[in-house]
Amino acid sequence: MIIVKSPTDIEQMSKACKLSAQVLQYAGEQINSGMSTYELDKLIYDYITAHGGRPNFLNYGGFKGSACISLNDEVIHGLPDKKKIIRSGDIVSIDVGAEINGWQGDNAYTFAVGQVSPSAEKLLRVTKECLSLGIAAAKPGNRIGDIGNAVQTHAEQNGFSVVREYVGHGIGRDLHEDPEVPNYGAKGRGPRLMPGMTIAIEPMINEGTCSVKVLPDGWTVKTKDGLLSAHFENTIAITQNGPVILTTV
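Remember, our numbering sits 10 above the position in the sequence shown when you count from 1.
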């Protein structure tokens with residue numbers, strides 16, 4: 011069931027979304043070559059709790075981290091690990107959210123560490139553009155399929171592929187609500203977008219094949235061919251005047 015929020019609900023939810031955006035920006039500023047993803051996750055936990063929030067990923071479904079931190083060919087759900095060291099030339103996807111007063115925020119960004127390859131730069135640029143195009147399609151009266159089609163079309167026109175197994179989602183008092191928001195699909199299909207809906211749009215775009223695999227840890231998702239993957243995400247509200255990004259600093 012899709013839960014439509016009131017303007018007051020969205021105002022309350024925006025506090026969690028703002029903190030989610032702030033900690034994501036902070037995490038990106040803290041990334042250094044030689045640090046472990048565990049160290050980065052600890053900084054994220056400390057920031058959220060110091061600012062009056064709760065890391066909503068921590069213990070969610072048994073996840074043992076405050077953020078999903080995924081390197082290079084890891085698509086999503088990277089478990090923080092003392093042995094996983096960030097190096098110059100890596101791309102680092104951080105997916106993180108905060109809860110405040112029962113409301114959830116969720117966002118992601120893939121950061122370049124030092125000098126990355128031209129192909130990595132292109133992947134990051136195109137995936138970020140996919141997110142912007144997906145958000146632009148999230149107008150009242152449009153359908154969920156319009157978002158996915160915008161993302162898929164741009165990714166494939168640039169020679170990349172779209173992950174099928176994992177999608178965006180509704181969000182509110184629960185981290186994952188209806189509807190699902192795929193990054194692929196046909197225009198004019200799926201639930202109609204209406205004011206008061208709040209959704210997380212999150213393109214996961216691969217350099218090579220769209221096929222992925224889950225590692226034995228039960229969480230970390232990698233590309234099957236070992237090529238790079240990028241992930242960008244914003245939580246947005248559908249309003250009468252169009253989409254409004256809630257995860258902004």
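For glycine and all other residues, C-beta sits at the position ideal for the given N, C-alpha and C.
Burial is judged here by how many other beta carbons sit within 10 angstroms of a residue's own beta carbon; D83 has at least 16 and is buried. Here the C-alpha atom of V33 lies approximately 21 Å from the C-alpha atom of G180. DSSP places K25 in the uninterrupted alpha helix (DSSP H) bounded by P17 to Q40. Look at the beta carbons and you see the stretch 180–196 touching the stretch 107–116: at least three pairs across the two are nearer than 8 Å. When the Cα atoms are used, Q125 and A118 turn out to be separated by approximately 21 Å. Straight through space, the alpha carbons of R153 and G144 are spaced by roughly 11 Å. The three-state secondary structure of R202, taken from DSSP, is strand. The continuous stretches of beta strand (DSSP E) do not include K138, which lies in the alpha helix (DSSP H) extending over residues P128 to A146. Counting only runs of 3+ residues, the beta strand (DSSP E) found wholly inside the stretch 203–240 occupies 208–211, 214–216, 222–224 and 231–233, in chain order.
If you compare the alpha carbons of D116, D235 and D91 with that of C27, the shortest gap goes to D116.
It is roughly 16 Å from the alpha-carbon of A130 to the alpha-carbon of P213.
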